[in-house]
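Q: In our numbering, the protein residues as written are 3 to 62.
Below, the structure written as structure tokens:
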């Protein structure tokens with residue numbers, strides 16, 4: 003299995019890929035490593051999780 007080496011710049015696609023890999027492949031170590039190393043990624047993930055939660059409860 004190949005692990006992506008991040009360059010500390012993230013796009014929405016990067017975030018979606020990272021979350022998807024963690025959820026489907028159980029690669030939580032990747033998520034925790036990247037969160038530890040990047041405030042930007044943490045912010046992007048929080049934004050995405052918030053959007054998912056708002057959509058799920060129909061607050062939009």
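Glycine included, C-beta positions come from ideal geometry on N, C-alpha and C. Predicted, not measured: the structure shown is a model, and the values here were computed from it.
Does residue 13 come out as helix, strand or coil in the three-state DSSP assignment?
A: coil
Q: Determine the contact status of residue 36 and residue 20, defining contact as a CB-CB distance below 8 Å.
A: Yes.
Q: Let me know if residue 54 comes out buried or exposed under the rule of 16 or more other beta-carbons within 10 Å of its beta-carbon.
A: exposed
Q: Run through DSSP, which three-state label would residue 60 get?
A: coil
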